[in-house]
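Before any comments, here is the structure.
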Amino acid sequence: MYRVVEIEEVRDEAKDVKTFFFRDTSNPQPGQFYMIWIPQVDEFPMSISYIGELKGFTVKKIGKGTTKMHSLQKGDKLWLRGPYGKGFKIEEGKALVVGGGTGMATLAPLAEMLGNKDIIIAAKSEDEIIFRNRFKENVFFATDDGSLGFKGFATKLAERMIEEDDYKIIYTCGPEMMIRKMVDIAKERKIKIQASLERYMKCGIGICDSCTINGYRVCVDGPVFSEEILFSMDDLGRRWRAKSGKSISKEENHDIGEKSQ
Ligand SMILES: Cc1cc2nc3c(=O)[nH]c(=O)nc-3n(C[C@H](O)[C@H](O)[C@H](O)COP(=O)(O)OP(=O)(O)OC[C@H]3O[C@@H](n4cnc5c(N)ncnc54)[C@H](O)[C@@H]3O)c2cc1C
Ligand code: FES
C-alpha cells in the first residue's frame, strides 16, 4: 500500500516551514493530500504543494512527526499512500485565493493553474510568509503585525478587495477561524467558495470517523468542500474532535484549536 520515495531537495520556505521535493508516479489534483509515514515515528496527512514531475510537500514543524520530517535531508526516504480526498474544482470567472500560514501550501498548485485571479498570502509576520516569490503577479501580502504588506487579518484585506472587484469564486485554506470568516463573507455576498478543511486524521480513507465535521468525513468527502456544504457547516470554527475522538468546543480545544486562531 505504501510507496517509498526519496527526497531530492529540501527548501527553507519560512520560519519552521520547509518544502520536501520528491519524484512519484501518482497524479494528484490541487487540494488532495497524502498520508506520510515515517517509520517508528508517526503517520500524518499532508497536502501536495507542488505538482509536476518533481512534487513537493510544504511542512510546518508542529509536533513529533513534522519535527522528525524537518530533520530529513536529500537522499532520505518517505513512505506515502495517496493521493486522497476531493481537490479543488476550477470555476469560471475571476478568483480570489486566500491562504493563511501553511494553508497557502494547499492552494499554491491551484493558484498556478488559475487564469484570472488575485492571491492573498497571509501570516502572523513576514518571517512566516511562504512562497513569497512563487507568484509573479496579482499577489497581496497580509501580516498581523504589518511587517509585510497589509497590516491586519487576511479576511479584512479580502473584504476590501471584494468590495472593489467582481470575484466569482473564493478559494481558501488556513487557520479555521479565517476559513469560517471567509465562508460567512461569501454567504453574505453570494459568492461561490471552496475551502480545504483540516481535521485530525487517522486512516485517511473514510474508515475511522476521526475526521468528521457535521456528518462529513474530511478525508473522503473533502478536504475541499464547496459552498453548498460550507454554508450549512455549523461546527466549522466551533467544534473539533480531539485525538481521542471526543467532540470538543473551541474553548476546550487546546490542541487543534490553538492552531486555528
Ligand atoms: C488534509 C490535511 C492537509 C494538511 N496539509 C498540511 C500541509 O500542507 N502542511 C502542513 O504543514 N500541515 C498540513 N496539515 C497538518 C498536519 O497534518 C499536522 O500538522 C501534522 O499531522 C502534525 O503532526 P505531528 O506528528 O508533527 O504533530 P503531533 O505531535 O501529532 O500533534 C501536534 C499538533 O498537530 C495536530 N495534528 C496531529 N496529527 C494530525 C492529523 N493527523 N491531522 C490533523 N491534525 C493533526 C494535533 O492536533 C496537534 O495540534 C494537513 C492536515 C490535513 C488534515
Ligand atoms: S481519517 Fe479516518 S475517516 Fe477520515
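Numbering (my numbering), first residue to last: -6 to 254.
Note that CB positions come from ideal geometry on N, CA and C, so glycine has one too.
With 16 other Cβ atoms within 10 Å as the buried cut-off, status of residue i
| i | result |
| --- | --- |
| G24 | buried |
| K79 | buried |
| M226 | buried |
| K70 | exposed |
| S42 | buried |
| R173 | buried |
| L89 | buried |
| L47 | exposed |
| M(-6) | exposed |
Residue i, enclosing alpha helix (DSSP H) - first and last residue
| i | result |
| --- | --- |
| P21 | Note, P21: premise wrong, no alpha helix (DSSP H); not H, not E. |
| T99 | 96 to 106 |
| K149 | 147 to 157 |
| L223 | 220 to 223 |
For residue i, the three-state DSSP class (helix, strand or coil)
| i | result |
| --- | --- |
| I178 | helix |
| M28 | strand |
| E121 | helix |
| T12 | strand |
| A163 | Ala is not the amino acid found at residue 163; the sequence shown has Ile there. In the structure shown, I163 sits in a strand (DSSP, three-state: E or B). |
| R173 | helix |
| Y193 | coil |
| F133 | strand |
| G199 | coil |
| R232 | strand |
| I249 | With a pLDDT of only 47 at I249, under 50, the local geometry of the prediction cannot be trusted, and no value is derived from it. |
| I44 | coil |
| F143 | strand |
| G93 | strand |
Extent of the continuous beta strand (DSSP E) to which residue i belongs
| i | result |
| --- | --- |
| G58 | It is not in any beta strand (DSSP E) - G58 instead sits in the alpha helix (DSSP H) that spans 57 to 63. |
| K185 | 185 to 189 |
| E(-1) | -4 to 7 |
| I241 | 240 to 242 |
| E84 | Neither: E84 is in no beta strand (DSSP E) and is coded neither H nor E. |
| E36 | 35 to 40 |
| K110 | 110 to 116 |
| G49 | 47 to 53 |
| L71 | 70 to 77 |
Residue j beta carbon less than 8 angstroms from that of residue i
| i | j | result |
| --- | --- | --- |
| F37 | G58 | yes |
| K110 | N131 | yes |
| F128 | G142 | no |
| M175 | T165 | yes |
| R(-4) | D17 | yes |
| G96 | I113 | no |
| A116 | T136 | yes |
| K67 | E2 | yes |
| G230 | E156 | no |
| A188 | F218 | yes |
Exercise for the section: Pair every Cβ in the stretch 195 to 204 with every Cβ in the stretch 98 to 113, then say whether three or more of these pairs are closer than 8 angstroms. Expected result: Counting Cβ pairs under 8 angstroms, fewer than three are found: no touch.
Handout entry: Given 8 angstroms, three or more beta-carbon pairs between the stretch 66 to 80 and the stretch 203 to 223
Key = With a cut-off of 8 angstroms, the stretch 203 to 223 and the stretch 66 to 80 count as touching, because enough Cβ pairs lie within range.
Practice task
Would you check if there are 3 or more beta carbon pairs closer than 8 angstroms linking the stretch 185 to 193 to the stretch 222 to 236?
Solution key: Here the stretch 185 to 193 lies against the stretch 222 to 236, with 3 or more beta-carbon pairs under 8 angstroms apart.
Exercise for the section: Please determine if the stretch 0 to 19 and the stretch 115 to 131 are in contact, where contact requires at least 3 C-beta pairs separated by less than 8 angstroms. Expected result: Three or more beta-carbon pairs drawn from the stretch 0 to 19 and the stretch 115 to 131 are found closer than 8 angstroms, and the two stretches are therefore classed as touching.
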